[in-house]
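Structure record follows, encoded as structure tokens.
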Amino acid sequence: MDLLKEYKRLYEQWREEFNKKSLAILPQNQFLQYKKFYEFIDNFEIEDDDHLKKQILEKYKDNVCFMFKDLLKMREAKIINSALNLREIDMDNIYEAEKLLFQNLVASIKGYQKVKSLSIYENNEKLYFPEITPQLKEIETKRSENPLEQIQTDENIAEETSVQAKMEQEEINYSIVRFIKDTPSLVGIDLLHYGPFKKEDIANIPFKNAKILVNEKFAEYIDLS
């Protein structure tokens, strides 16, 4: 292995990545060469007691380790940013681990957007911790001195409280479903990540998400009774 040549190649790759807003080209075979060089240098030891040689080697090691790790961090940040914006990446220009990262992120984001567009988020309804007490206090201050209106207001409060309690209870219900086709990842209304799923997979997911998947023929309910 030509250490000087490999060092220059890694440096040029790192510099290009640093100076570009978009991803530089780094296919699998090239990544493996850099990885092999990094591991060789990281594990290399000088057997003699020459202090100067050891100092030079340690400095060389530090530079190689920094460039390799920083290169991967820069690329990871660019890939995450592209996924968040659903911006396409040329899959031929990235190595295998990066492909999996990008594909999984995009699947999760698209799954979340799909659930968001079909769920009660679309109607701007609250999902968590309904503020029942402040609403009751607000209504209390507006009560009329007329006994009949007082009774009607109390009935409205009771009905509103019952509806909100029912909504809150529904939000924590879960259903067990069997997937009847491959399904991408999704983010549940409980904001937990689910999937991706393969055909015949079984999962316990929020009822609202399960209902959407069943209606769209992605899954079917499992009756445990």
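Every number in our numbering is 34 more than the matching position in the sequence shown, counting from 1.
Heads up, the beta-carbon is just placed ideally off N, CA and C, and yes, glycines get one too.
Small disclaimer: the values here were computed from a predicted structure and weren't measured.
Item	Value
Run the CB neighbour count on residue 252, radius 10 Å, all protein chains shown included, and call it buried at 16 or more, exposed below.	buried
Exposed or buried, residue 128, counting other C-beta atoms within 10 Å across all chains shown (16 or more means buried)?	buried
I'd like to know whether the C-beta atoms of residue 207 and residue 231 end up nearer to each other than 8 Å.	no
Mind checking whether residue 239 and residue 219 have CB atoms under 8 Å apart?	no
If you pair each beta-carbon of the segment 46-61 with each one of the segment 99-116, do three or more pairs fall below 8 Å?	yes
Rounded to the nearest angstrom, what separates residue 233 and residue 214 at their Cα positions?	5 Å
Report yes if the CB atom of residue 246 is closer than 8 Å to the CB atom of residue 149, and no otherwise.	yes
Check whether the segment 52-71 touches the segment 122-139, counting contact only when three or more Cβ pairs, one atom from each stretch, lie closer than 8 Å.	yes
Ignoring anything shorter than 4 residues or poking outside the segment 52-114, list the alpha helix (DSSP H) runs there in chain order.	62-77
Tell me, which residues are paired with residue 212 by DSSP?	236 and 254
Give the straight-line distance between the Cα atoms of residue 255 and residue 225, rounded to the nearest whole angstrom.	21 Å
Applying the criterion that 16 or more other CB atoms from any shown protein chain within 10 Å of the CB defines a buried residue, is residue 132 buried or exposed?	buried
Let's see if you can read the secondary structure: which residues bound the alpha helix (DSSP H) around residue 247?	241-249
Using a Cβ-Cβ cutoff of less than 8 Å, which residues in the same chain neighbour residue 78 once the five nearest sequence positions on both sides are dropped?	91 and 95
What is the rounded straight-line gap between the Cα of residue 37 and the Cα of residue 87?	15 Å
What number of angstroms, rounded off, separates the C-alpha of residue 135 from the C-alpha of residue 143?	12 Å
Quick one, which of 58, 229, 59 and 69 has its alpha-carbon nearest residue 41's?	69
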